[in-house]
Amino acid sequence: GNTKRRWARRPRRRATARAAAAAQISCWEVPVLTTIRVWFTKTGEASYISLLDLQRVMQRALKRSGLPVWYTLGFNPHIYMTFAAPLSLGQESLAETVDFKSEAEGYDWDAAAPALSACLPRGIKVTRIAPAVLDAGDIACAAYEVRYAEKDAQAACAAWEAYNAAPAAEVVKEGKRGKKKTVDLKAHLPEVQLMRKNGGLVVCMRLPAGSVLNVNPVLVLGWLEQQHGLPAASGNILRTGIYTRNGEKFS
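According to my numbering, the sequence shown is numbered sequentially starting from 137.
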């Protein structure tokens, strides 16, 4: 009986040793990863692609493009992606970013932009690919344009001038956990710039877009509709840039 017990123990010791050796080897082979940032525009019908669908679109495009993308380890390898300050459905943007990891060194990322663009649907175009410089947590605000057609320009101009003259513009903002709080838009957006263009009206503004404080331009349009009868749907929202606390462009 003792002999059997001794023989039963030995394979366990050898298996444990093999597992420890394998774990040690896997630790030695941890790849050196670089965060690569893709800048892209999302306009037209592509503005109605939800964030979840956009993640799937980017996953497929990166696979088809042949770029040296790093995949997570395990039984279900996939591309680890991060979108910075994603927009609400229906809002267009000239400044969208998505990050992924890569083991490649010295790769010409800018030259790969057309290949990735060719794998994306209409309305999404890659403008630049390069190693990330800043972290998404450095984002503080975003610049927007709200555009009105010629038929709505006069009413929109009057409503926005009223906003500029208003001492306060309070709205109810709902948080991620359903908590509601009152926000004075004038504290974050004291005044907007108005420009007439091709018979229409363009409204330029900057709003907080960080992880701690984020003010959706829809809140401003909702206030205008409630207070001055300007339909929120008459304004087309376009994000033109993302900036840090120092006013520098997010890179």
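Beta carbons are placed, not taken as given, at the ideal position from N, Cα and C, and that holds for glycine. Bear in mind that the values here come from a model prediction, so they are computed numbers and not experimental data.
Where does T380 sit, in a helix, a strand or coil, going by DSSP? strand
When C293, N300, S186 and A304 are compared against P367, the one with the closest alpha-carbon: C293
Who pairs with Q329 in a beta bridge, going by DSSP? In DSSP, Q329 forms a bridge with C340.
What is the rounded straight-line gap between the Cα of N212 and the Cα of D189? 19 angstroms
What are the complete alpha helix (DSSP H) segments, minimum 4 residues, inside the segment 189-271? If we require 4 residues or more, the alpha helix (DSSP H) runs fully inside the segment 189-271 come out as 249-253.
Selected residue, minimal CA-CA separation from S224, among E361, A279 and V354: V354
Which residues share a DSSP beta bridge with W175? T233 and R264
Assign L374 to one of three DSSP states: helix, strand, or coil. strand
Note the first and the last residue of the continuous alpha helix (DSSP H) segment covering A289. E286 to A301
What does DSSP give as the partner residue(s) for K317 in the beta ladder? Residue pairing of K317 in beta bridges, as defined by DSSP: K309.
How big is the Cα-Cα spacing for V168 and E241? 10 angstroms
Excluding the five sequence neighbours on either side, which residues of its own chain have a C-beta within less than 6 angstroms of the C-beta of C340, listed in chain order? E281 and Q329
Do you know offhand how far N352's Cα is from E232's? 16 angstroms
Measure the CB-CB distance between P267 and I172 and report whether it falls below 8 angstroms. yes
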